[in-house]
Amino acid sequence: MNKTNSLSGSITIFVVMLIIMISYADTSAQYLETFSPPNKGRQINFIDDFTGMNWSISPWATAGGERDAADFFNTTAAGRLECIDLDEQIFWQSPVLNIAGAGAVTLSTDLTWVGFDTDVMANTLLTDWIKVMYKVNGGTYQLAPNVHGGNPLATVSYPFQNPGTSFDGAATSTVPGITGNTLQIRVIVFTNANAELVTIDNVRVPQVGVFVQSPSAAPASISGRVTTADGRGTGGATVTVSGGGLGQPQIARTSSFGYYSIEGLSAGETYVVSVGSKRFSFAVPSRVVSLTDSVSDIDFVADPL
Numbered sequence: 043m044n045k046t047n048s049l050s051g052s053i054t055i056f057v058v059m060l061i062i063m064i065s066y067a068d069t070s071a072q073y074l075e076t077f078s079p080p081n082k083g084r085q086i087n088f089i090d091d092f093t094g095m096n097w098s099i100s101p102w103a104t105a106g107g108e109r110d111a112a113d114f115f116n117t118t119a120a121g122r123l124e125c126i127d128l129d130e131q132i133f134w135q136s137p138v139l140n141i142a143g144a145g146a147v148t149l150s151t152d153l154t155w156v157g158f159d160t161d162v163m164a165n166t167l168l169t170d171w172i173k174v175m176y177k178v179n180g181g182t183y184q185l186a187p188n189v190h191g192g193n194p195l196a197t198v199s200y201p202f203q204n205p206g207t208s209f210d211g212a213a214t215s216t217v218p219g220i221t222g223n224t225l226q227i228r229v230i231v232f233t234n235a236n237a238e239l240v241t242i243d244n245v246r247v248p249q250v251g252v253f254v255q256s257p258s259a260a261p262a263s264i265s266g267r268v269t270t271a272d273g274r275g276t277g278g279a280t281v282t283v284s285g286g287g288l289g290q291p292q293i294a295r296t297s298s299f300g301y302y303s304i305e306g307l308s309a310g311e312t313y314v315v316s317v318g319s320k321r322f323s324f325a326v327p328s329r330v331v332s333l334t335d336s337v338s339d340i341d342f343v344a345d346p347l
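Numbering-wise, the sequence shown is residues 43 to 347 according to our numbering.
(1) Residues bridged to proline 261 by DSSP?
(2) Do you know how far the Cα of aspartate 272 is from the Cα of threonine 312?
(3) Can you tell me which of Asp210, Ala213 and Thr241 puts its alpha carbon nearest to the alpha carbon of glycine 121?
(4) Taking valine 268 as the reference, give the member of Ala112, Asp339 and Ser78 with the closest Cα.
(5) Let me know if glutamate 238 comes out buried or exposed under the rule of 16 or more other beta-carbons within 10 Å of its beta-carbon.
(6) Are at least three pairs of beta-carbons, each pair with one atom in the region 166-173 and one in the region 189-207, less than 8 Å apart?
(7) Give the range of the beta strand (DSSP E) segment to which lysine 173 is assigned.
(8) Might you give, ordered along the chain, the residues of its own chain that have their beta carbon closer than 8 Å to the beta carbon of threonine 117, omitting 5 neighbours on each side?
(9) Return helix, strand or coil for isoleucine 340, following the three-state DSSP convention.
(10) Given this structure, state the Cα-to-Cα distance separating serine 136 from serine 263, to the nearest angstrom.
(11) Rounded to a whole number of angstroms, what is the C-alpha to C-alpha distance between threonine 280 and glycine 318?
(12) Can you find at least 3 beta carbon pairs, one from the region 275-290 and one from the region 229-238, that sit closer than 8 Å?
(13) Measure the Cβ-Cβ separation of valine 283 and leucine 307 and say whether it is below 8 Å.
(14) Would you call phenylalanine 92 buried or exposed, if buried means 16 or more other Cβ atoms sit within 10 Å of its Cβ?
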């Protein structure tokens with residue numbers, strides 16, 4: 043065998059493999075959230091599951107009926123994040139992205155909406171809207187410009203016109219030229235009816251050199267309220283948090299108005315929260331909570347006496 047040809051062939055193979063490895067590394071050093079695993083987030087029947095996710099959804103109140111058993115803000119089998127009937131502002135939040143080595147980056151987000159009402163006459167965002175927000179270097183969140191509807195107070199919002207008319211649509215929000223060391227993204231949604239459906243998909247920062255910054259095991263807490271079937275606070279109920287990295291369960295008793303709080307937990311862990319009472323029984327006596335940050339809406343409602 044000709045040694046020169048053999049050496050040349052070996053070098054060629056090495057170069058090809060090196061190019062493949064570099065290409066793979068460049069592709070992986072980007073951010074793309076496709077919401078592929080289904081049933082992650084805040085599901086129907088008050089089920090929360092963030093296991094394996096590096097993103098979060100803000101707490102969602104139940105005491106005033108904002109979140110009921112039919113409402114959801116979760117991923118679906120179609121590979122989208124969907125929500126209906128929020129009755130308050132709820133947001134999806136990305137992990138912190140390191141963009142220091144990427145130069146100027148672009149944030150893009152695919153959105154769809156169904157059944158959006160136009161705003162009130164004062165155009166103060168009292169009806170349906172979507173805001174794509176981002177913050178750089180831990181600063182103040184900034185709004186991505188309006189892409190549909192024409193109301194500049196939100197990324198998607200329709201100013202006052204033709205009351206009673208509803209709108210469906212789809213758009214991609216794009217913000218170019220973002221520079222800094224870190225970037226975090228929020229998509230905030232407000233709707234107030236089951237017919238008003240919003241989807242979020244393909245949240246992306248496609249530049250090479252972008253990567254998810256490793257989170258620290260930040261301290262977190264779980265709090266909420268225990269109430270009777272008619273909404274009165276239940277004092278003296280026992281709330282127990284177990285699992286995660288706890289050596290032993292943490293226990294709290296509710297105040298006379300039904301409130302409780304358990305501190306000293308860790309973000310990134312999954313806990314089981316259970317309630318017990320000598321006076322009341324509970325149809326749903328425990329909930330599984332995957333903590334990405336402190337939560338304040340882990341509520342329990344007692345069965346009618």
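The C-beta atom is built at its ideal place from N, Cα and C for all residues, glycine as well. Note that the structure is a prediction, hence the values are computed from the model and not measured.
In this structure, then:
(1) Counted from its first residue, the sequence shown places residue 261 at position 219. Under DSSP, the beta-bridge partners assigned to proline 261 are Ser308.
(2) Against the sequence shown, residue 312 aligns to sequence position 270. Against the sequence shown, residue 272 aligns to sequence position 230. Rounded to the nearest angstrom, the two C-alpha atoms are 30 Å apart.
(3) In the sequence shown, counting from the first residue as 1, residue 121 sits at position 79. Sorting Asp210, Ala213 and Thr241 by C-alpha distance to the C-alpha of glycine 121 places Thr241 at the top.
(4) Translated into positions along the sequence shown, residue 268 becomes position 226. Taking only the C-alpha atoms, the option nearest valine 268 is Asp339.
(5) On the sequence shown, position 196 is the one that residue 238 refers to. Result: buried.
(6) Because the criterion of three Cβ pairs below 8 Å is met, the region 166-173 and the region 189-207 touch.
(7) Locating residue 173 in the sequence shown gives position 131, where the first residue counts as 1. Start and end: 171-178.
(8) As a working mapping, residue 117 is identified with position 75 in the sequence shown. Around threonine 117: Phe77, Ser78, Pro79, Pro80, Asn81, Lys82, Gly83, Leu123 and Glu124.
(9) Sequence index remark: in the sequence shown, residue 340 carries index 298 (1-based). In the structure shown, isoleucine 340 sits in coil (DSSP, three-state: anything other than H, G, I, E or B).
(10) Mapped onto the sequence shown, residue 136 falls at position 94. Mapped onto the sequence shown, residue 263 falls at position 221. Rounded to whole angstroms, serine 136 and serine 263 show a C-alpha spacing of 20 Å.
(11) Stepping through the sequence shown from its first residue, residue 280 is reached at position 238. Stepping through the sequence shown from its first residue, residue 318 is reached at position 276. If you take the alpha carbons of threonine 280 and glycine 318, they lie about 5 Å apart.
(12) Verdict: no, contact absent.
(13) Translated into positions along the sequence shown, residue 283 becomes position 241. Translated into positions along the sequence shown, residue 307 becomes position 265. Yes, Cβ-Cβ distance for valine 283 and leucine 307 is below 8 Å.
(14) Reading the sequence shown from its first residue, position 50 is the one you call residue 92. Burial call: buried.
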